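Protein sequences, first through last, are from chains A and B. When we follow numbering that gives the first Met the number 0, the leftmost residue of the first sequence carries the number 0, and every step to the right adds one. When we follow numbering that gives the first Met the number 0, the leftmost residue of the second sequence carries the number 0, and every step to the right adds one. By construction, the Cβ of each residue, glycine as well, lies at the ideal position given by its N, Cα and C atoms. Here the structure is a predicted model, which is why all the values come from computation and not from measurement.
2 protein chains.
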Amino acid sequence: MENRLAQTRVPIDALLARRWSPRAFDSGRAVSREQLAALLEAARWAPSCNGDEPWCYLVWDRGRDAQGWQKAFECLSENNRKWCKNVPVLMLSCAGSIFGHSGKPNRFAQHDTGMADLSIALQATTLGLIVHQMGGYDAAKARAAFDVPEEYTPMAMIAVGYEASPDVLDDETKQKELKARSRKPLETRFFEGAWGKAVEL
Amino acid sequence: MENRLAQTRVPIDALLARRWSPRAFDSGRAVSREQLAALLEAARWAPSCNGDEPWCYLVWDRGRDAQGWQKAFECLSENNRKWCKNVPVLMLSCAGSIFGHSGKPNRFAQHDTGMADLSIALQATTLGLIVHQMGGYDAAKARAAFDVPEEYTPMAMIAVGYEASPDVLDDETKQKELKARSRKPLETRFFEGAWGKAVEL
């Protein structure tokens with residue numbers, strides 16, 4: 000949808016401008032293994048501090064492992080379950096808090112896992128898929144259900160699939176879906192000269 | 000350079016495949032304000048949990064604020080200073096730990112700041128610029144020097160500029176620059192069915 004494009008004062012890369020986080024998924028279209036491979040390769044090649052690649056991912060493909068998918072689905076918040084019932088693939092990114100090379104704490108693990116997660120979202124956009132990342136899930140339940148080791152922190156639950164008409168959504172979710180995308184003014188987040196002093200562009 | 004491309008089992012988006020983290024910067028070429036605007040807009044439109052946009056950035060443009068740039072430069076580790084001496088623009092991303100809408104802790108702040116940082120790196124790649132993110136700097140020194148508020152955590156120090164020949168680097172850094180890029184096998188990070196069980200692709 001045209002009104003889904005990022006509104007920017009100068010043009011940005013089309014892939015970055017097009018990526019957004021829809022909720023209307025097509026329950027009838029699966030994600031192929033080749034598409035999945037591309038999503039995971041994109042994450043794999045994300046940058047990371049000291050090249051530690053501190054992320055691990057769990058993947059649930061409804062068409063191959065309906066039981067695993069259902070267990071993941073049941074970790075989601077009630078609001079997210081409303082629309083995730085149509086999602087063919089769920090993933091969970093986890094951030095490893097210990098550097099592989101030194102055994103010391105890696106304070107960039109969550110930051111770097113975010114970079115891998117965005118890589119998945121952008122690769123999905125390239126493939127004509129959609130991605131919606133969620134923080135709204137029970138992380139303790141997910142950890143217990145899938146034996147996530149203590150040194151890994153569950154980060155984003157990620158829905159992947161094809162876009163459908165907003166009409167597949169319940170009324171409340173549909174209103175969210177149709178709302179114009181927005182961001183806070185650039186001046187409130189990007190500083191030059193001193194903290195809080197807006198960059199002059 | 001051709002051997003800088005990500006090596007993947009299936010093709011990934013060209014922008015994702017081309018992005019890497021060079022150290023050889025051209026000291027003679029500045030980043031324009033319009034380019035800077037595009038980098039910041041890319042970060043601004045990154046996704047975030049609850050749309051909180053938990054990131055703030057400090058920007059130091061050597062051509063406009065040599066003193067600020069120098070102060071930022073002096074926060075870098077000795078190894079990073081070796082090549083950052085040629086960098087025209089430095090930035091620091093900071094992650095805000097408190098949700099704006101609720102005043103409660105935002106456990107996704109660092110993750111989401113990572114997504115904004117990768118957006119900058121990808122937008123730079125589109126523009127023909129290069130970006131190198133660093134964890135190697137003194138965060139306490141940066142906090143004190145630039146009055147970073149307590150609720151913000153300094154994350155990545157980001158070098159932005161134009162690529163130069165690796166010959167501008169000292170010998171040790173040049174060896175790092177010319178090394179083939181690599182990642183751990185996909186099977187060690189991406190699981191399906193159970194933690195540690197590789198996705199079958």
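Note down, in chain order, all residues in the region 54-72 of chain B with a beta-carbon under 9 Å from any beta-carbon belonging to chain A.
W54, C55, Y56, L57, V58, W59, D60, R63, D64, G67
Backbone CA spacing between A5 (chain B) and M114 (chain B) [nearest angstrom]
19 Å
Compare the C-beta of N49 (chain A) against all C-beta atoms of chain B and say whether one is closer than 9 Å.
yes
If the criterion is Cβ atoms closer than 9 Å, does the pair Q109 (chain B) and A120 (chain B) meet it?
no
Who are the neighbours of G102 (chain B) on chain C, taking C-beta pairs under 8 Å?
Annotation note: the requested chain C is absent from the structure, which comprises protein chains A and B.
Within the region 5-60 of chain A, ranges of the beta strand (DSSP E) (whole runs, at least 3 residues)
54-60
Helix, strand or coil: which one does DSSP assign to A197 (chain A)?
strand
Do E40 (chain A) and V9 (chain B) have their CB atoms nearer than 9 Å?
yes
Beta-carbon neighbours of T112 (chain A), restricted to chain B and to distances below 8 Å:
H110, G113
Just list the residues that DSSP pairs G95 (chain A) with in beta bridges.
A:Y151
Along the chain, which unbroken stretches of the beta strand (DSSP E) at least 3 residues long are found entirely within the region 116-188 of chain A?
129-133, 151-160
Does the beta-carbon of A94 (chain A), which I'm using as the reference point, lie nearer than 8 Å to any heavy atom of the ligand GDP?
No copy of the ligand GDP appears in this structure; indeed no ligand is present at all.
The region 156-172 of chain A contacting the region 72-89 of chain A, beta-carbon criterion three pairs below 8 Å:
yes
Between M90 (chain B) and the rest of its own chain, which residues show a CB-CB distance below 6 Å, the 5 nearest in sequence each way excluded?
Y56, V58, I157
Taking DSSP as the reference, what is the three-state secondary structure of E191 (chain B)?
strand
One question on the structure: do W54 (chain A) and T112 (chain A) come within less than 9 Å of each other, judged by their Cβ atoms?
yes
Contact set between V30 (chain B) and chain A, taken where Cβ atoms lie within less than 7 Å:
By Cβ distance, chain A contributes nothing, its closest Cβ being about 12 Å from V30 (chain B), past 7 Å.
By a C-beta neighbour count over all protein chains shown, 10 Å radius and 16 as the cutoff for buried, is T152 (chain A) buried or exposed?
buried
Can you say whether N2 (chain B) is buried or exposed, counting buried as having 16 or more other CB atoms within 10 angstroms of its CB?
exposed
Option nearest F107 (chain B) by Cα separation, candidates A:D166, A:K175, A:A94, A:N105:
A:A94
Does the distance from the C-beta atom of F24 (chain B) to that of V167 (chain B) stay below 9 Å?
yes
R17 (chain A): buried (16+ other C-beta within 10 angstroms of its C-beta) or exposed?
exposed
On the criterion of 16 or more Cβ atoms from any shown chain inside 10 Å, does E149 (chain A) qualify as buried, or is it exposed?
exposed
From this set, B:D12, B:R28, B:I11, B:A13, which residue's C-alpha is nearest L128 (chain B)'s C-alpha?
B:R28
Excluding the 5 residues preceding and the 5 following D137 (chain B) in the sequence, name in chain order all residues of the same chain whose CB lies nearer than 7 Å to its CB.
C74
Is the Cβ of W194 (chain A) closer than 9 Å to any Cβ of chain B?
yes
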